[in-house]
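Residue numbers (the working numbering): 515 to 928. Glycine included, each C-beta is placed from N, C-alpha and C at the ideal position.
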């Protein structure tokens, strides 16, 4: 456990009618949490492996790759409305129903694939914002790292499972639609798994009488703290999450091409590299938050994630071609750690549920919009130079800068 707890909110009074947290209820919560986590990248991991079999054009593949981060950034603020009207538990259940609808829509030809991707991305944006708030509110502080790690591990497992199944299913069916439809199964399971939580009324903190009111402009009326966008903490978190997410989506989009052109691997070996990357992401995504949550100061973990990513990218550029897959695994561990650490930072730096939600919303709105530019800019640099050296070097530089910028978010001032 961290030696020093984060700043606490003013005295809070639990909302009446809050459901008791029984052992059985806790088990159901964990099951629903894992099933929902499995869905957050399932639909997005289908297109890369499926594209050669389905015969999608490069423009189609590029647009389908651009839509998820663009939509998740655009729809992240919607989570605040959902949370205010429904609460975290009901909001996540409704988001799981939207995931089912979007997954079904993606089977309706190419127009449906595009429209369904937008719908799935919108639902995922809500899930991404509400999950850290749920973890903060429903799990003990000492378990936040473990649950954040489970979330990241489940995301990686969902992506890996789908990547392994889509091509055989498409080949057996003679069409890409049943392969895309695989995403319906985990979405339905998530809706069923989160349904028991609908009856839970979340204990939203309410400031004690006379506590925390401020009439000054730019401050929260309930807590008296500055608006989240005016704090160094929020911008530090946003910079770290944004650049790490940009690196993740850029790598996911172009790694096979990098391995073919830079390391001289065949397309089958490049596909193996993509699978290794996903495995590394799962390992780093689980280990980093579990380790980080044990300390009050997460700066070493922030620096470590960025340096491991930079080492993996540098290895791809400079190391012998025979070691390329090993460096891919290293890169995956760093990217997984960088994707998962913000979940711990939201929970440990947020002073209450509203603050956690505000930090998560801001970081994910700006971060995903920034990430959407990564694959496009990397492609432009590759086209201009004819090689992957410049795009990979630019990613290394960006990761090192973001590590320094993220140090404020990793420091507990108390």
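What three-state label does DSSP hand residue 925 in the structure shown?
For the purposes of this step, residue 925 is identified with residue 411 of the chain shown, where counting begins at 1. Per DSSP, reduced to three states, the secondary structure at residue 925 is coil, with no helix or strand assignment.
Can you tell me the Cα-Cα spacing of residue 722 and residue 865, whole angstroms?
In the chain shown, counting from the first residue as 1, residue 722 sits at position 208. In the chain shown, counting from the first residue as 1, residue 865 sits at position 351. Its pLDDT being 35, under 50, residue 722 is placed unreliably by the model, and the measurement read from it follows with that caveat. Their Cα atoms are separated by approximately 15 Å.
Apply the 10 Å Cβ neighbour rule to residue 590 and answer buried if 16 or more other Cβ atoms are within range, or exposed otherwise.
Start at 1 with the first residue of the chain shown, and residue 590 comes out as number 76. Flag for residue 590 reads buried.
Per DSSP, what kind of secondary structure is residue 653 in: helix, strand or coil?
Taking the first residue of the chain shown as 1, we reach residue 653 at position 139. Annotated three-state conformation of residue 653 is coil, per DSSP.
Helix, strand or coil, according to DSSP, for residue 581 in the structure here?
By 1-based counting over the chain shown, the position of residue 581 is 67. Of the three classes helix, strand and coil, the one that applies to residue 581 here is helix, per DSSP.
Given residue 939 as reference, the closest of 756, 828, 835 and 644 once Cα atoms are compared
For residue 939 there is no data in the structure shown, the boundaries of the chain being 515 and 928.
Output the distance between the C-alpha atoms of residue 661 and residue 603, rounded to the nearest integer angstrom.
By 1-based counting over the chain shown, the position of residue 661 is 147. By 1-based counting over the chain shown, the position of residue 603 is 89. Whole-angstrom Cα-Cα distance: 16 Å.
Quick check on residue 758: does DSSP put it in helix, strand or coil?
Along the chain shown, one-based indexing puts residue 758 at 244. Secondary structure at residue 758: helix, using DSSP grouped into helix, strand and coil.
Contact check, residue 802 vs residue 861, beta carbons under 7 Å
Within the chain shown, numbered from 1, the residue matching residue 802 stands at position 288. Within the chain shown, numbered from 1, the residue matching residue 861 stands at position 347. Contact annotation: residue 802 and residue 861 have beta-carbon atoms that are not nearer than 7 Å.
Member of 900, 588 and 896 whose CA lies at the smallest distance from the CA of residue 764
For the purposes of this step, residue 764 is taken as the residue at position 250 of the chain shown. Checking every option, the nearest Cα to that of residue 764 belongs to 896.
Beta-carbon separation (whole angstroms), residue 756 vs residue 636, contact threshold 8 Å:
In the chain shown, counting from the first residue as 1, residue 756 sits at position 242. In the chain shown, counting from the first residue as 1, residue 636 sits at position 122. Taking a contact as a CB-CB distance under 8 Å, the pair residue 756 and residue 636 does not count as one, their CB atoms being some 20 Å apart.
Count the other CB atoms within 10 Å of the CB of residue 525; is the residue buried (16 or more) or exposed (fewer)?
As a position in the chain shown, residue 525 is number 11, starting the count at 1. In this prediction, residue 525 scores a pLDDT of 37, lower than 50, which makes its location untrustworthy; the coordinate-derived value is nonetheless stated afterwards. Exposed, because fewer than 16 other Cβ atoms sit within 10 Å of the Cβ of residue 525.
Once DSSP output is grouped into helix, strand and coil, what is the label at residue 824?
As a first step, residue 824 must be located in the chain shown, where it is residue number 310. Shown here, residue 824 sits in a helix according to DSSP, grouped into three states.
For residue 561, which residues from the same chain have a beta carbon less than 8 Å from its beta carbon, with the 5 sequence-adjacent residues on both sides left out?
What you label residue 561 is simply residue 47 of the chain shown in a count that begins at 1. Excluding positions up to five away in sequence, the list reads 570, 575, 578 and 579.
Cβ contact (3+ pairs, closer than 8 Å) linking the stretch 593-609 and the stretch 906-921:
Taking 8 Å as the limit for Cβ pairs, the verdict is that the stretch 906-921 does not touch the stretch 593-609.
Taking the alpha-carbon positions, what's the residue 889 to residue 768 distance?
The sequence position of residue 889 within the chain shown is 375, counting from 1. The sequence position of residue 768 within the chain shown is 254, counting from 1. Residue 889 and residue 768 have their C-alpha atoms some 7 Å from each other.
Nearest-angstrom Cα distance between residue 745 and residue 683?
Mapped onto the chain shown, residue 745 falls at position 231. Mapped onto the chain shown, residue 683 falls at position 169. Cα to Cα, the separation comes out at about 49 Å.
Going along the chain, which residues of its own chain have a beta-carbon closer than 7 Å to the beta-carbon of residue 643, five neighbours each way excluded?
By one-based count along the chain shown, residue 643 stands at place 129. Within the same chain, and ignoring the five residues on either side of residue 643 in sequence, the residues whose Cβ sits closer than 7 Å to its Cβ are 590, 593, 871, 874, 875 and 878.
Taking all protein chains shown into account, decide if residue 856 is buried (16 or more other Cβ within 10 angstroms of its Cβ) or exposed.
Walking along the chain shown from the start, residue 856 turns up at place 342. Buried, by the Cβ-count rule.
Short check: CB of residue 938 to CB of residue 658, under 7 Å?
It is not possible to answer for residue 938, since the shown part of the chain is limited to 515 through 928.
Give the secondary structure of residue 809 by DSSP, where H, G and I count as helix, E and B as strand, and everything else as coil.
Here residue 809 corresponds to residue number 295 of the chain shown, with the count starting at 1. Coil.
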